[in-house]
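In this note's numbering, the protein residues as written are 874 to 1528.
Okay, structure coming up:
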């Protein structure tokens, strides 16, 4: 898309920034020859009409709100208009960088300089709150710092005026890391929500650490809503009274808005009481609250290039001066001439900025690192392992056992070699490149070393099966994985099988030496019987009349249907012994009938139907049998148990 030459009456000079939502241009108002920033907005045609109206209304609200905020620490709005259907704002043109850029740059501003910015921001917020205006999205990237050290709050695009119904309760607008608990839980805000955001901003700007850190949005929001702020690890190195610091930040970051600090300027005053400032700076900053709006004019060494609101955050990188390679002598001569020239022109830039910060604006990186190395940083590394109790080595020097914290102090881009060792596990080693102060966690899962062991048996030569897989014969070597349970089966002819459950790394290795018991010789059972149809069953399995069995107890069943014979008994087989069992002989029942020959019926012996009466010459096994007489209809006429002992017996039923 070509850059427009003119928007409204404003003559476009150059593009300052462009994002998905719109663009920001540097322009000139030809009527009064004033440089302004023109902020345009893109209309998303994929949105519903209702969404477009909401979006545009929020855009123009910035003009309505900012137009009522005439304060040196708030970006001013001059005009509003529409160019061929594209709405725009004409804003105060501010040189400098965002507070976010400054605190995350290679050269961090001094502590007093940062405190001065916090005081100005607090003062400007109080001014807006007194007019019933809540910002709703206060964060370092929404604060511009001019080359003169003046802080300016911008991006009131989602701010809310008292009585406005544009943004309703329950709709979350804002940045997660700087939101208040009530904003997270309910979407409800008032001026105290801005004060909570100011507390987070001040904490991060002054210490370099957000009090509610997290790797994802859900973690950050949960901590803001439910957890106490984390104390910065570098607090001991800062010029503050720690007890005062904790007291002030507990109040400004209180979860309950009613118990929170109620005034932004009051927070600024309490914060100043915790900071160990020079007498001159202390009087200067305290005077801001006494005299009204902050107009501190201090140069803090920032480049002159603007970065602005949400849709201006995708700006190109800062322009830098490129140097061809020069000799060290030539470079120093060039720098000397530069310093003399600027001093001659009467500029106070180099008077107020530390030397390292000044030169960092001009030197190539390799030269800057050689002559002016960066300040040391501290980084906490939490080292643990699975399992715990492993030895930690830092650059090959023994440290502690896991879990433990290690605090690194040194230059950025330093390398740190961390080694973790535990008996029975592979050694773990990692090289860390230290670039930031953010706390990191190292939590490796240690890999168990294989356990080499011998599987043996007494006597040797037993076949070994491990977890169902044949593995060889004893003795044999095997690699076990620590923490794994193995099922080992030993089999040897003439011996009883043995099964062992072995947990590698937990059970003693002695379990792998199996003592096998020799089998006892079997016993024998011999069945003596004249019954040709005799059936022999041992434990439900049909066997022959001569049986070889291991020592033990068995269920023996014998039956011969031809003589109505059935017998069940428990037998005990003894090792090396033969046991004989005989069946009874068969006897003949001469007659089975009724006493009255005129009565007829059907005869059953031991439940089996035999024939109609009279029955002559029936063979049965010697012993007790059950006799039953029934009529043609199945009615029992007579039944009895009777022991049959001799041939020629008669079974006669009474009339």
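Ideal Cβ positions, reconstructed from N, Cα and C, are used throughout, including at glycine.
Since residue 1344 contacts residue 1295 with CB under 8 Å, what's their CB separation in whole angstroms?
Taking a contact as a CB-CB distance under 8 Å, the pair residue 1344 and residue 1295 does not count as one, their CB atoms being some 29 Å apart.
Residue 1398 and residue 1444 look like a contact to me (Cβ under 8 Å); what is the Cβ gap, rounded to whole Å?
Sure, about 7 Å apart at Cβ, within 8 Å.
Have a look at residue 916 and residue 930 and give me their C-alpha separation to the nearest angstrom.
Looking at the two C-alpha atoms, the distance is approximately 12 Å.
Is the beta carbon of residue 1454 sitting closer than 8 Å to the one on residue 1522?
Contact flag unset, no.
What does residue 888 pair with, by DSSP beta-bridge criteria?
In the DSSP assignment, residue 888 forms a beta bridge with 898.
If you drop the 5 nearest sequence neighbours on each side, which residues of the same chain put their C-beta closer than 8 Å to that of residue 887?
Closer than 8 Å at the Cβ level, and outside the excluded window around residue 887, lie 876, 898, 899.
Opposing strand residues paired with residue 1288 [DSSP bridges]
In DSSP, residue 1288 forms a bridge with 1306.
Which residue wins for smallest C-alpha separation from residue 1130, given the options 1071, 1094, 1150, 1054?
When each option's Cα is compared against that of residue 1130, the closest is 1054.
Who are the Cβ neighbours of residue 1370 in its own chain at under 6 Å, not counting the five residues just before and after it?
Excluding sequence neighbours, residue 1370 sits near 1364.
For residue 1075 and residue 981, what's the separation of their Cα atoms in angstroms?
Going from the Cα of residue 1075 to the Cα of residue 981 covers about 15 Å.
Below 8 Å between beta carbons: does that hold for residue 1313 and residue 1254?
Going by C-beta atoms, residue 1313 is nearer than 8 Å to residue 1254.
For a quick check, are the C-beta atoms of residue 1421 and residue 1415 less than 8 Å apart?
Not a contact, by the Cβ cut-off of 8 Å.
Residue 1495 and residue 1434: beta carbons closer than 8 Å?
Not closer than 8 Å, so no.
Short check: CB of residue 995 to CB of residue 1158, under 8 Å?
With contacts defined by Cβ atoms closer than 8 Å, residue 995 and residue 1158 do not form a contacting pair.
Need the endpoints of the beta strand (DSSP E) that residue 1419 sits in, please.
Unbroken beta strand (DSSP E) run through residue 1419: 1419-1422.
Cβ separation of residue 1282 and residue 1251, assumed to be a contact under 8 Å, to the nearest whole Å:
About 5 Å separates the two Cβ atoms, so the contact holds.
Let me confirm a value: residue 1327 is counted as buried when at least 16 other C-beta atoms fall within 10 Å, else exposed. Which label applies?
With fewer than 16 Cβ atoms within 10 Å of its Cβ, residue 1327 is classed as exposed.
Pair within 8 Å by beta-carbon distance, residue 948 and residue 972
The criterion of a C-beta distance shorter than 8 Å is not satisfied by residue 948 and residue 972.
Kindly indicate which residue of 1059, 1011, 878, 1262 has the alpha-carbon position closest to the one of residue 1276.
Comparing alpha carbon positions, the residue from 1059, 1011, 878, 1262 closest to residue 1276 is 1262.
Within the continuous alpha helix (DSSP H) that includes residue 986, where are the two ends?
Counted as a single uninterrupted DSSP element, the alpha helix (DSSP H) harbouring residue 986 occupies residues 984-1003.
If you draw a straight line from the C-alpha of residue 1068 to the C-alpha of residue 892, how long is it?
Each residue's alpha carbon lies about 29 Å from the other.
On a CA-only basis, which of 1091, 1096, 1078, 1079 is nearest residue 1085? Give me that one, please.
Selected option, being the one with the closest Cα: 1096.
Check this for me: beta carbons of residue 1333 and residue 1355, under 8 Å apart or not?
In this structure, residue 1333 lies away from residue 1355, with their beta-carbon atoms at least 8 Å apart.
Taking the alpha helix (DSSP H) that residue 1080 belongs to, which residues open and close that run?
Element bounds for residue 1080: 1064-1080.
What does the alpha-carbon distance come out to for the pair residue 1272 and residue 1266?
Rounded to whole angstroms, the separation of the alpha carbons of residue 1266 and residue 1272 is 5 Å.
Hey, residue 961 and residue 1026: beta-carbon distance below 8 Å or not?
No, the Cβ-Cβ distance between residue 961 and residue 1026 is not below 8 Å.
Let's test the definition: count the other Cβ atoms within 10 Å of the Cβ of residue 1377 and tell me whether it reaches 16, buried, or not, exposed.
With 16 or more Cβ atoms within 10 Å of its Cβ, residue 1377 is classed as buried.
Taking the straight line between their C-alpha atoms, what separation do you get for residue 1073 and residue 1133?
If you take the alpha carbons of residue 1073 and residue 1133, they lie about 13 Å apart.
Where residue 1391 sits in the DSSP three-state scheme
Reduced to three states, the DSSP call for residue 1391 is strand.
Just verifying my parser: in three-state terms, what is the DSSP assignment at residue 1177?
Summary for residue 1177: the model assigns pLDDT 31, below 50, so the residue's position carries little reliability, and this model does not support an answer.
Report the CB separation of residue 951 from residue 909 in whole angstroms; it is logged as a contact under 8 Å.
At roughly 6 Å, the Cβ-Cβ gap stays under 8 Å, so residue 951 and residue 909 are in contact.
Measuring only the C-alpha atoms, how far is residue 1446 from residue 1393?
Computed Cα separation, rounded: 12 Å.
Quick test of your reading: residue 1504 and residue 1486, contact by CB under 8 Å. State the CB separation rounded to the nearest angstrom.
Their Cβ separation, rounded to whole angstroms, is 11 Å, which puts residue 1504 and residue 1486 out of contact at 8 Å.
Straight-line gap, residue 1278 to residue 1331 (C-alpha atoms, nearest Å)
Cα atoms of residue 1278 and residue 1331: separation of roughly 52 Å, rounded to the nearest angstrom.
Would you kindly work out how many angstroms separate the C-alpha atoms of residue 1153 and residue 977, rounded to a whole number?
The alpha-carbon separation between residue 1153 and residue 977 amounts to approximately 27 Å.
With DSSP as the reference, label residue 1331 as helix, strand or coil.
Reduced to three states, the DSSP call for residue 1331 is strand.
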